[in-house]
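Quick notes on the structure that follows.
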Amino acid sequence: MVTIQAYDKSLHPDPCGKSSCVKGVKAAMFYASLCLLVVGSSGVKGSLPALGADQFDRNDQKGEKLLASYFNWYLLSTTIGSMVGVTVVVWVSMNRDWYWGFLIGTVTAVVGFIFLAIGNPFYCFQPLGSSPIVKIAQVIVVAIRNRRLSIPTSPDELYEIDDEDRDPSEEKVPYTSQFRSLDKAAILLEGMTPKPWKACTVTQVEEVKILTRMLPIVGSTIILNTCMAQLQTFSVHQGYFMDPYICSFKFPTSSIPVIPLFFMSLLIPIYE
-3 MVTIQAYDKS LHPDPCGKSS CVKGVKAAMF YASLCLLVVG SSGVKGSLPA
47 LGADQFDRND QKGEKLLASY FNWYLLSTTI GSMVGVTVVV WVSMNRDWYW
97 GFLIGTVTAV VGFIFLAIGN PFYCFQPLGS SPIVKIAQVI VVAIRNRRLS
147 IPTSPDELYE IDDEDRDPSE EKVPYTSQFR SLDKAAILLE GMTPKPWKAC
197 TVTQVEEVKI LTRMLPIVGS TIILNTCMAQ LQTFSVHQGY FMDPYICSFK
247 FPTSSIPVIP LFFMSLLIPI YE
């Protein structure tokens, strides 16, 4: 939809200074295009790394090592793709026409989807399990409900499924002594029948503890991406007021983000 609007002159907004805002069909199509773009991008960015990770056996030492390498090479491939986007696509948009940049992105996305679909018979798919969001909510709700109970002195008194009754696809997580307030979710009172919203297993509680330990990492990525957003916008804006020539070569202002991407493409293989 963005490509169509960039190509069709009748769907373009009025030139700067002639109208204060976009209205009507033009605005509706523009914002609908952005919403679809956000939904599509979030689906790809969230699902593609996980799909690739599922192709490795994490219970095998070799598979675990290859899994770590996969994420490095995946980041490198996305970095190279971004470099192509801010150089080649920018050059085509500036020297051919504005809609050509969107057309390249649309064609590339369609071709990538076709290749992904062709490989479907060869992929390894993990068996579906329960929703992790629901499991997290269960631990929090049960822990709050049991907040007045005393935590058992021995972890063996907390509720856990026996190994013979456990689903083979679910890995048992050993008990840790951090965030003991969450342990109250695994308290099974005498005579109580274990139910998902009444008592949680130790493994389920430990999974929430693991997620809690990861929160500082998540927080640091927020700071990082805030800086990256400034780099990709403020630096480009400043580039419009700078001399774009390097010797006789005119460096496109919109290609300034290629500088950090270039260094990332050099450092990722070294890190690997």
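Position 224, counted from 1, in the sequence shown is what the working numbering calls 220; the numbers after and before it change by one each time, with no gaps.
Note that beta-carbon positions come from the ideal geometry of N, C-alpha and C, so glycine has one too.
Hey, quick one: how far does the alpha helix (DSSP H) through residue i stretch, first residue to last?
| i | result |
| --- | --- |
| Phe26 | 20 to 49 |
| Cys196 | Run containing Cys196: none; DSSP gives neither H nor E here. |
| Phe237 | Element bounds for Phe237: n/a, residue is neither H nor E. |
| Leu263 | 254 to 267 |
What does the Cβ neighbour count give for residue i, buried or exposed, with the cut at 16 atoms within 10 Å?
| i | result |
| --- | --- |
| Ser43 | exposed |
| Gly36 | exposed |
| Val252 | In the sequence as displayed, the identity of residue 252 is Ile instead of Val. The residue is buried, with at least 16 neighbouring Cβ atoms inside 10 Å. |
| Thr189 | exposed |
| Ser89 | buried |
| Glu60 | exposed |
| Phe121 | exposed |
| Ala24 | exposed |
So residue i and residue j are supposed to be a Cβ contact under 8 Å. How far apart are they, rounded?
| i | j | result |
| --- | --- | --- |
| Val254 | Thr83 | 5 Å |
| Trp193 | Val137 | 6 Å |
| Met(-3) | Leu32 | 6 Å |
| Tyr267 | Asn116 | In fact, because the Cβ distance is near 32 Å, the residues do not count as touching under 8 Å. |
| Val18 | Phe26 | 6 Å |
Can you tell me whether residue i is helix, strand or coil according to DSSP?
| i | result |
| --- | --- |
| Ile242 | strand |
| Tyr119 | coil |
| Gln174 | coil |
| Thr102 | helix |
| Asn55 | coil |
| Ser73 | helix |
| Val169 | coil |
| Pro128 | helix |
| Cys223 | helix |
| Asn142 | coil |
| Asp159 | helix |
| Phe247 | coil |
| Ser216 | helix |
**OP:** Take every Cβ of the stretch 158 to 174, pair it with every Cβ of the stretch 182 to 200, and state whether three or more of those distances are shorter than 8 Å.
**Re:** Enough Cβ pairs lie closer than 8 Å, so yes.
Subject >> the stretch 214 to 231 / the stretch 52 to 67 touching (three or more Cβ pairs under 8 Å) >> reply: No, because fewer than three Cβ pairs between the stretch 214 to 231 and the stretch 52 to 67 fall closer than 8 Å, the two stretches do not touch.
**OP:** Decide if the stretch 139 to 155 is in contact with the stretch 178 to 192; the criterion is three or more beta carbon pairs, one per stretch, under 8 Å apart.
**Re:** Yes, since at least three Cβ pairs between the stretch 139 to 155 and the stretch 178 to 192 fall closer than 8 Å, the two stretches touch.
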